[in-house]
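Contents: one structure, followed by commentary.
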Amino acid sequence: MFLNINPANGIAIYDQVVRQVKFAVAQGAVKPGNLVPSVREMARELAINPNTVARAYQQLQTDGVLEQVRGMGLEVAADAVKQCKS
Numbered sequence: 005m006f007l008n009i010n011p012a013n014g015i016a017i018y019d020q021v022v023r024q025v026k027f028a029v030a031q032g033a034v035k036p037g038n039l040v041p042s043v044r045e046m047a048r049e050l051a052i053n054p055n056t057v058a059r060a061y062q063q064l065q066t067d068g069v070l071e072q073v074r075g076m077g078l079e080v081a082a083d084a085v086k087q088c089k090s
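Once you know that position 33 of the sequence shown is 37 in this note's numbering, the rest is easy, because the numbers rise by one and skip nothing.
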């Protein structure tokens, strides 16, 4: 997943992750059913704290964008596109 995090822009890093994931889903770059990288993998890719990624993922689950799949991890929810465009 290609996200661009800028710690100097004044927006909380977890919020940047949330916004960019929602944008990617709304634009069709990430489709429903796609698995997202694990917390550790995403943190390593973005060079940020894993707790920050975990917070962003939790917010995305609360917003209905991501859902937990037992034994697999997190995937983009079936109705995530609708959630991200509203």
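Where a beta carbon is used, it is the ideal one built from N, C-alpha and C, also for glycine. Since the model is a prediction, treat every value here as computed from it, not as a measurement.
Does DSSP classify residue i as helix, strand or coil?
i	result
residue 21	helix
Would a C-beta distance cut-off of 9 Å place residue i and residue j closer than the cut-off?
i	j	result
residue 63	residue 29	no
residue 58	residue 43	yes
residue 18	residue 66	no
residue 50	residue 7	yes
Where does the unbroken alpha helix (DSSP H) through residue i begin, and where does it stop?
i	result
residue 50	43 to 50
Where does residue i land, buried or exposed, given buried means 16+ other C-beta within 10 angstroms?
i	result
residue 76	exposed
residue 35	exposed
residue 15	exposed
residue 85	buried
residue 25	buried
residue 78	buried
Would you say residue i reaches chain B, if we count a Cβ-Cβ gap shorter than 9 Å as a contact?
i	result
residue 87	The structure shown contains no chain B; it is built from a single protein chain.
Original post:
Where in the region 63 to 88 do unbroken runs of the beta strand (DSSP E), each at least 3 residues long, occur, reported from the N-terminal end onward?
Top reply: 70 to 73 and 77 to 80
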